[in-house]
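Just so we're aligned, residue 1 is where the sequence shown starts under the numbering used here, counting upward by one. Don't be surprised by glycine CBs; every beta carbon is placed ideally from N, CA and C.
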Amino acid sequence: MDDIAGEMCISKKTIYKYFCNKEVLIEESTSTVHKQVHEVIDTIVARGYNAIHENFEIREMFRDMFKNATDTSPLYQLKKHYPEIYQNVMTHEIDQCNHYFRDNILKGISEGLYRPDLNIDLYVKFYYTLIFHINATTDSEREAQRIELEALEYHTRAMATEKGILELEKQLKKIII
Numbered sequence: 001m002d003d004i005a006g007e008m009c010i011s012k013k014t015i016y017k018y019f020c021n022k023e024v025l026i027e028e029s030t031s032t033v034h035k036q037v038h039e040v041i042d043t044i045v046a047r048g049y050n051a052i053h054e055n056f057e058i059r060e061m062f063r064d065m066f067k068n069a070t071d072t073s074p075l076y077q078l079k080k081h082y083p084e085i086y087q088n089v090m091t092h093e094i095d096q097c098n099h100y101f102r103d104n105i106l107k108g109i110s111e112g113l114y115r116p117d118l119n120i121d122l123y124v125k126f127y128y129t130l131i132f133h134i135n136a137t138t139d140s141e142r143e144a145q146r147i148e149l150e151a152l153e154y155h156t157r158a159m160a161t162e163k164g165i166l167e168l169e170k171q172l173k174k175i176i177i
């Protein structure tokens, strides 16, 4: 709490006025970030990008949100220091991401970017397993972002039609690492 108070230029007493302990502060903070992330994802989806472009826009949003956390991955730190809070966050994230990944795959199929013969449930599980494992086991945020980009390319290539591969290549050319 000393570090938080110092960073915010307020006293610990002020923090304890609103949060009874550090765990409650972390739970509230992760809940707020969760809501913000999903609001931004909903905004990106509403823009009407194709399925592959949409995934790259969401990746860019995460990169921008966590650009100041280049030393340590927030999820890695949460898992290391607050495993119960981490587990709760992951349960909610997996549910949300399952829905988003499923919608994205269905959209990509309807756009002719993804193969129509995909086992959607299996590909949803593959992708969230990849992404969440990367974040849970990589302590450097910069390294996690690099691996996530590779996972996104891997995942997209596994599902893509020829048209989808062309869109993937177009998106990869625009990447700023």
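Residue of the options minimising C-alpha distance to residue i
i    : options                  : result
D117 : M90, A151, E148 and A160 : A160
L106 : E39, E167, D2 and A51    : A51
A158 : T138, D2 and V124        : V124
I152 : K35, V24 and N55         : Per the sequence presented here, residue 152 reads as Leu, with Ile not at that position. Nearest option by C-alpha distance: N55.
L149 : Q171, D121 and C9        : Q171
D103 : M90, H155, D121 and G164 : D121
K35  : H133, H155, Q96 and G108 : Q96
Segment limits, alpha helix (DSSP H) that includes residue i
i    : result
G108 : P83 to S110
N8   : The amino acid occupying residue 8 in the given sequence is Met; Asn does not appear at that position. That run of the alpha helix (DSSP H) goes D2 to M8.
K12  : K12 to Y18
K125 : I120 to T137
S29  : K22 to A46
Close Cβ partners of residue i (< 8 Å) along its chain, the five nearest in sequence each way excluded
i    : result
Y49  : E57
I26  : L78, Y82 and I85
Y154 : L130
For residue i, the residue or residues it bridges with in DSSP
i    : result
A51  : In DSSP, A51 forms no bridge with anything.
A180 : Lying before the first or after the last residue shown, residue 180 is absent from the chain, which here runs from 1 to 177.
Chain-order list of residues whose beta-carbon lies under 6 Å from that of residue i (same chain, five-residue window excluded)
i   : result
Y86 : L78 and K79
N98 : V124
Beta-carbon separation (whole angstroms), residue i vs residue j, contact threshold 8 Å
i   : j    : result
I94 : Y127 : The Cβ separation is near 11 Å, so there is no contact.
M65 : I44  : Their Cβ separation, rounded to whole angstroms, is 12 Å, which puts M65 and I44 out of contact at 8 Å.
Cutoff 7 Å; reference residue i; Cβ partners in own chain excluding five residues on either side
i    : result
I41  : I58 and Y100
K163 : G112 and L113
R115 : M159 and T161
M1   : K12, I15 and K22
I134 : A144, I147, E148 and A151
H38  : Q96
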